[in-house]
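Notes follow once the structure below has been shown.
Number of protein chains: 4
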Amino acid sequence: MPQNIKKIRFENDYSEGAHPAVLSRIQEANLVQRAGYGLDDACLAAADSIRSRVGRQDADVHFLTGGTSANLIALTAFLRPHEAVICTDTAHIHVHETGAIEAAGHKLITLSAPDGKLSPAPIEEAALRFTDEHMVKPRLVFIANATELGTHYTLSELRSLRAVCDKLGLLLYMDGARLGNALAASDAEWADLPNLLDAFYIGGTKNGALFGEAMVIVNDRLKPYFRYVIKQRGGMMAKGFLLGLQFQALFENDLYMEMARHANAMADELRAALAEKRIPLSPATKTNQVFAVMPNGMIRTLSKRYAFHAMQPIDEQHTVVRLVASWATTREMVSAFRNDLIKI
Amino acid sequence: MPQNIKKIRFENDYSEGAHPAVLSRIQEANLVQRAGYGLDDACLAAADSIRSRVGRQDADVHFLTGGTSANLIALTAFLRPHEAVICTDTAHIHVHETGAIEAAGHKLITLSAPDGKLSPAPIEEAALRFTDEHMVKPRLVFIANATELGTHYTLSELRSLRAVCDKLGLLLYMDGARLGNALAASDAEWADLPNLLDAFYIGGTKNGALFGEAMVIVNDRLKPYFRYVIKQRGGMMAKGFLLGLQFQALFENDLYMEMARHANAMADELRAALAEKRIPLSPATKTNQVFAVMPNGMIRTLSKRYAFHAMQPIDEQHTVVRLVASWATTREMVSAFRNDLIKI
Amino acid sequence: MPQNIKKIRFENDYSEGAHPAVLSRIQEANLVQRAGYGLDDACLAAADSIRSRVGRQDADVHFLTGGTSANLIALTAFLRPHEAVICTDTAHIHVHETGAIEAAGHKLITLSAPDGKLSPAPIEEAALRFTDEHMVKPRLVFIANATELGTHYTLSELRSLRAVCDKLGLLLYMDGARLGNALAASDAEWADLPNLLDAFYIGGTKNGALFGEAMVIVNDRLKPYFRYVIKQRGGMMAKGFLLGLQFQALFENDLYMEMARHANAMADELRAALAEKRIPLSPATKTNQVFAVMPNGMIRTLSKRYAFHAMQPIDEQHTVVRLVASWATTREMVSAFRNDLIKI
Amino acid sequence: MPQNIKKIRFENDYSEGAHPAVLSRIQEANLVQRAGYGLDDACLAAADSIRSRVGRQDADVHFLTGGTSANLIALTAFLRPHEAVICTDTAHIHVHETGAIEAAGHKLITLSAPDGKLSPAPIEEAALRFTDEHMVKPRLVFIANATELGTHYTLSELRSLRAVCDKLGLLLYMDGARLGNALAASDAEWADLPNLLDAFYIGGTKNGALFGEAMVIVNDRLKPYFRYVIKQRGGMMAKGFLLGLQFQALFENDLYMEMARHANAMADELRAALAEKRIPLSPATKTNQVFAVMPNGMIRTLSKRYAFHAMQPIDEQHTVVRLVASWATTREMVSAFRNDLIKI
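Line by line, the protein sequences give chains A, B, C and D. With the first sequence counted from 1, adding 121 to any position gets you this note's numbering. With the second sequence counted from 1, adding 121 to any position gets you this note's numbering. With the third sequence counted from 1, adding 121 to any position gets you this note's numbering. With the fourth sequence counted from 1, adding 121 to any position gets you this note's numbering.
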């Protein structure tokens with residue numbers, strides 16, 4: 122696959138390394154000797170910062186290497202063999218993790234969700250279809266926030282999911298690969314999360330870390346032996362302090378949210394440019410992902426200078442494309458895109 | 122677990138970050154946009170460097186995040202469900218990876234090996250015990266080089282393992298977490314490896330990288346769809362270029378072996394200090410790991426200033442301790458240790 | 122769950138024991154000593170009878186204990202970890218085997234199929250959606266024949282499935298829990314099967330055996346080490362000869378098809394009675410399963426004397442019910458049902 | 122593998138069908154319609170009989186198809202992913218079930234046990250070696266009673282295992298494939314079992330049933346959702362009533378123990394004949410399995426008329442052979458063997 126590195130990438134939010142403040146933490150600490158496997162002082166301090174941020178001192182915090190790994194470790198640890206996961210049919214675990222959850226033994230029960238979001242009624246309807254031991258037992262609701270389609274959950278929506286999960290005896294788990302972008306766009310606050318979720322992860326990879334996700338486990342029943350599963354599934358770094366150092370940089374001050382807000386703002390400018398050109402969005406989003414229904418000729422033209430994903434054809438003339446902004450996206454990159462777009 | 126960060130650590134070879142030359146590659150490239158998932162130019166160049174180093178242009182090279190992950194991905198990809206692994210009873214996959222290979226469905230057949238090394242006769246004897254479908258089918262011989270006990274394989278020993286594997290229809294796989302240290306101590310050369318092994322990984326984490334291992338697959342039958350298994354088991358980094366950049370730094374010149382030789386040399390000085398004090402080694406090693414039979418009082422005294430692992434008691438007065446040198450171990454650290462040791 | 126054993130059961134085709142000719146084989150041989158694990162003369166003879174029936178002397182035949190076990194063993198043996206299964210959204214493996222295939226690590230890709238049957242176009246469309254290593258690799262098409270909705274495949278339909286599988290490099294596997302009923306209703310013959318399928322099983326449990334299914338493997342690449350997987354997944358009977366004896370009785374003469382034709386004929390009478398009462402079928406079938414759209418009041422009345430499954434509501438007044446005939450269904454049972462139906 | 126069916130088999134205890142009283146239950150009920158999947162009256166009655174026999178009305182009883190299946194279902198249901206099993210190095214699950222437990226994801230920790238029996242000290246020593254998340258967590262002690270070497274546990278030995286399991290927080294599970302033979306030879310009673318074990322299965326296949334094992338779960342925490350795991354792992358029979366009918370025959374009266382005592386008595390006669398000929402036993406047993414150290418020439422001679430297993434060579438002239446008696450072994454078979462033995 123040839124890679125034209127001269128193009129400006131709106132392909133994803135992991136095209137660059139790390140925010141300089143994150144990288145410099147690693148540099149400064151480079152020759153400090155630390156304990157292995159995440160038992161070091163940097164990890165302890167970062168976990169404390171996160172516990173403070175979410176306002177739950179008894180939460181367990183574990184640092185993991187990536188999103189697929191985080192999801193498969195969590196679901197492996199949380200579920201018994203006959204238990205299944207309810208998610209959207211656009212969920213990352215369903216579509217883009219090579220069957221990682223099934224490889225861990227668990228069925229996904231997928232619900233149609235044109236905007237990428239789950240809601241209580243279809244969850245309840247789905248759960249009630251599974252009535253006996255010839256079927257799997259729905260046990261965990263998986264949401265991504267922001268979703269894979271760039272939409273996000275409001276506080277009220279999250280509360281209604283919590284309510285239906287409580288009613289049905291289901292766990293509620295959130296993939297927060299783009300949690301900063303979601304919170305920046307939403308009325309939900311950090312401190313709401315532990316009251317609404319049994320566990321969730323805070324994504325670093327897509328928001329300014331070199332790599333790394335912070336798993337936050339709130340439900341006491343899900344806490345024991347989690348580190349065993351991390352190790353068993355290959356998710357425990359020897360130099361775990363690399364994760365601790367990065368999350369210290371992200372959470373000791375407001376850097377994490379600053380970057381998320383910046384990414385959303387750059388996406389807003391992309392959205393403005395598209396609106397100017399009367400390119401419709403589908404779905405409409407407020408986070409750092411923009412999905413636009415473009416004429417195929419426009420896509421061909423823009424592709425000469427910009428890298429982005431063509432998702433699926435809408436009709437013979439139009440295709441949905443995805444444009445992603447990140448902490449590293451500059452106003453210059455967005456302006457260049459706008460100018461080229463307007464000219465078409 | 123209290124962490125006294127003032128102690129000098131001979132605990133392992135992953136207490137620090139990365140060799141400065143490795144880290145600066147990441148810094149310099151930090152804002153360069155690259156393709157995701159290891160499909161970038163840095164990964165391609167690093168893979169080429171490794172192919173050149175081992176003299177096998179058709180080898181597949183994949184960059185992975187850590188040793189447990191590398192082993193479980195390889196064995197998952199290489200084995201059918203009924204197939205088993207032959208290894209020593211001190212093998213990392215048996216003792217210290219939380220049952221990762223069994224969690225992937227495969228039985229380990231463990232052979233006693235006081236020096237941590239497998240040899241043809243017990244492999245053949247073991248393989249012949251598995252005669253029918255009520256038993257697993259031995260299919261892959263797992264060796265670590267250097268071994269978990271710091272010993273290493275000579276070229277002749279590796280050839281004899283290849284021969285017995287060929288005779289019995291077994292695959293030969295090498296965990297090279299400390300491959301540099303092994304090669305620096307051995308008469309085997311890089312270019313021997315593809316002729317002797319079906320697949321192996323070159324360890325970065327324990328030899329100067331922040332993290333990362335390079336899987337080299339030589340046997341054509343093991344190559345297809347390996348990236349699917351990497352992704353499925355959570356081993357594919359979004360910013361895969363971080364691995365490519367590091368392995369470029371390690372293999373574009375001789376840095377990888379320079380660091381390994383340095384670590385072995387520092388271990389030689391530790392061995393010399395122990396010999397001076399007439400502390401016996403068990404087993405004797407030439408790589409960067411030193412196993413010494415120390416009086417318990419000496420261990421208590423040294424533990425005040427140095428971090429190292431007490432392995433297992435030999436008798437009521439003595440315990441085997443492990444001292445590990447690395448690319449980051451300085452002559453000053455070793456001298457301090459020697460001086461304190463001599464004084465006891 | 123209260124069990125009223127006085128009701129006449131059209132609930133399924135496994136409410137009774139075995140056809141007397143099958144049971145008497147077991148009785149007659151009861152004190153004959155035989156080798157264990159299916160390595161006895163009865164299994165060899167039964168396998169030969171099946172090979173003759175399907176006209177393929179080099180097929181491997183294995184006797185298994187039940188349908189879920191047969192499916193999970195086959196798919197475990199046939200697939201690599203990243204490979205997935207294409208099936209209908211009404212497939213037994215999707216709906217009623219408690220996630221057995223996912224528990225074996227494999228994702229199911231489900232296609233909507235109102236009549237329970239797969240066809241080439243949606244298979245091809247589905248297969249082409251899976252383009253890279255972030256997604257599973259479709260590898261095996263799973264069909265049931267007769268289907269879970271009582272429909273069956275014509276010879277032409279099977280040929281078109283074979284063609285699309287060849288085109289796309291997919292395996293074609295058939296769950297033949299009700300294969301006799303399908304063949305009795307279809308223009309496909311026993312001898313067509315090995316030319317069309319990579320592997321399939323011939324169901325005994327639902328057609329006159331106490332229990333047991335015969336797995337027929339045609340594709341040479343799927344044959345090696347199958348017995349290892351049978352044993353590993355708990356499917357190898359110590360007294361395997363019980364399976365051999367039963368399949369001898371079923372296949373040494375025409376008993377298997379006689380029973381299937383009888384079951385279909387009894388279902389035809391049920392269909393006739395329903396037509397008389399103008400109860401629509403949905404879907405229309407020619408095998409031993411009858412799906413009828415009944416008024417709910419009628420269901421309540423019939424349920425007092427007959428056991429059968431209410432499947433799903435169609436509207437507030439109507440529900441689809443399933444009536445199943447078997448080798449053990451008598452004309453008297455069907456007549457009683459007809460008479461009670463007509464009276465409503 | 123040629124099968125000479127004229128030989129008298131002391132090869133195992135599953136060479137014949139079922140005790141006539143068991144088989145006639147199936148015959149008599151053959152055309153009675155019953156509910157599927159073990160939810161019928163015969164299963165309920167058989168479960169009640171077993172609960173009464175062991176004196177624990179709140180035990181859960183499930184009927185399963187075979188020993189490997191029973192073990193893998195139980196351990197799958199009882200263990201979390203990081204949990205491991207402690208067993209002997211002669212345990213059936215370690216040696217002769219094709220890695221079924223590892224295929225279910227769990228490591229076996231094997232202890233040397235020359236007589237096939239576990240004892241508290243090595244269990245405690247083993248358990249204490251597993252200290253952190255880099256290692257599996259020992260969670261369940263697996264014993265077979267009678268053992269794979271024909272020995273059995275006394276009541277006192279079982280109590281000491283219970284005590285060490287309680288001390289260490291371990292579950293105690295018993296494979297009772299030959300439980301009747303063990304109880305007939307031991308001072309332990311049926312009613313002791315629920316006080317000593319968390320779960321166990323009562324073997325039918327090797328003691329007069331066509332097939333079938335009864336899993337008894339005593340520990341309340343292990344009970345929920347067990348039927349889901351049975352179904353998922355292919356262990357749920359459509360005609361589950363076949364198991365209920367057989368266990369009714371075995372446990373409504375004393376038939377199960379009568380057969381076990383008979384088998385042990387026939388083995389006693391084999392032991393007497395061997396003693397007469399001064400053939401040593403290794404190990405000495407009181408159950409239906411006899412392990413004798415025979416000169417190789419004697420083995421060759423006896424093999425012409427008798428089928429039995431040669432286990433392993435002791436020296437160049439001697440081999441351990443296994444002779445097994447069962448409910449179906451007759452005095453005539455034993456006398457014939459004795460006479461031929463004496464003549465050698």
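All C-beta atoms in this analysis are idealised placements derived from N, C-alpha and C, irrespective of residue type, glycine included.
Give me the Cβ distance between residue i and residue j, rounded to the nearest whole Å; I'm assuming they're in contact under 8 Å.
i: residue 320 of chain C; j: residue 260 of chain C; result: Not confirmed; about 13 Å, so no contact.
i: residue 329 of chain B; j: residue 140 of chain B; result: 4 Å
i: residue 182 of chain C; j: residue 241 of chain C; result: Between residue 241 of chain C and residue 182 of chain C the Cβ distance is about 29 Å, and since that is not below 8 Å, they are no contact.
i: residue 248 of chain D; j: residue 289 of chain D; result: 5 Å
i: residue 219 of chain B; j: residue 349 of chain A; result: 6 Å
For residue i, report the span of its beta strand (DSSP E) as first-last.
i: residue 294 of chain C; result: 292 to 297
i: residue 204 of chain D; result: 204 to 209
Excluding five sequence neighbours on each side, which residues of the same chain lie with their C-beta closer than 7 Å to the C-beta of residue i?
i: residue 146 of chain D; result: 366, 367, 369, 370
i: residue 314 of chain B; result: 175, 321
i: residue 302 of chain D; result: 267, 381, 384, 385, 408, 409
i: residue 457 of chain C; result: 129
i: residue 465 of chain D; result: 419, 422
i: residue 225 of chain C; result: 193, 196, 197
i: residue 373 of chain A; result: 170
i: residue 78 of chain B; result: Nothing can be reported for residue 78 of chain B, as the shown portion of chain B is limited to 122 through 465.
Which same chain residues end up closer than 6 Å to residue i when comparing Cβ atoms and leaving out the 5 residues on each side of it in sequence?
i: residue 323 of chain A; result: 297, 300, 335
i: residue 414 of chain B; result: 401, 403, 435, 439, 441
i: residue 428 of chain D; result: 128, 130, 132
i: residue 123 of chain C; result: Unreliable placement is indicated for residue 123 of chain C, whose pLDDT of 45 sits below 50; no coordinate value is reported for it.
Look up residue i in the DSSP assignment and say whether it is helix, strand or coil.
i: residue 304 of chain A; result: helix
i: residue 140 of chain D; result: coil
i: residue 216 of chain A; result: helix
i: residue 324 of chain C; result: strand
i: residue 239 of chain A; result: coil
i: residue 419 of chain A; result: helix
i: residue 262 of chain C; result: strand
i: residue 410 of chain A; result: strand
i: residue 332 of chain B; result: coil
i: residue 273 of chain B; result: coil
Identify the continuous alpha helix (DSSP H) that holds residue i and give its terminal residues.
i: residue 288 of chain A; result: 276 to 289
i: residue 193 of chain D; result: 188 to 199
i: residue 430 of chain B; result: Element bounds for residue 430 of chain B: not the alpha helix (DSSP H) but the beta strand (DSSP E), 430 to 434.
i: residue 461 of chain D; result: 452 to 464
Determine the chain B residues that contact residue i at a beta-carbon separation under 9 Å, and present them in chain order.
i: residue 186 of chain C; result: Ordered by position in chain B, no residue passes the 9 Å Cβ test against residue 186 of chain C, which lies about 16 Å from the chain.
i: residue 401 of chain C; result: By Cβ distance, chain B contributes nothing, its closest Cβ being about 46 Å from residue 401 of chain C, past 9 Å.
I'd like the list of long-range same chain contacts for residue i, defined as Cβ closer than 8 Å, with 5 residues on each side in sequence excluded.
i: residue 282 of chain C; result: 239, 240, 241, 244, 262, 264, 274, 293, 317
i: residue 236 of chain D; result: 268, 270, 272, 404
i: residue 103 of chain C; result: Outside the displayed range of chain C (122 to 465) lies residue 103 of chain C, so it cannot be described from this structure.
How would you list, in chain order, the residues of chain C whose beta-carbon sits under 9 Å from the beta-carbon of residue i?
i: residue 350 of chain B; result: 201, 202, 203, 254
So residue i contacts chain B; which residues on that side make the cut at Cβ distance below 8 Å?
i: residue 197 of chain C; result: 202
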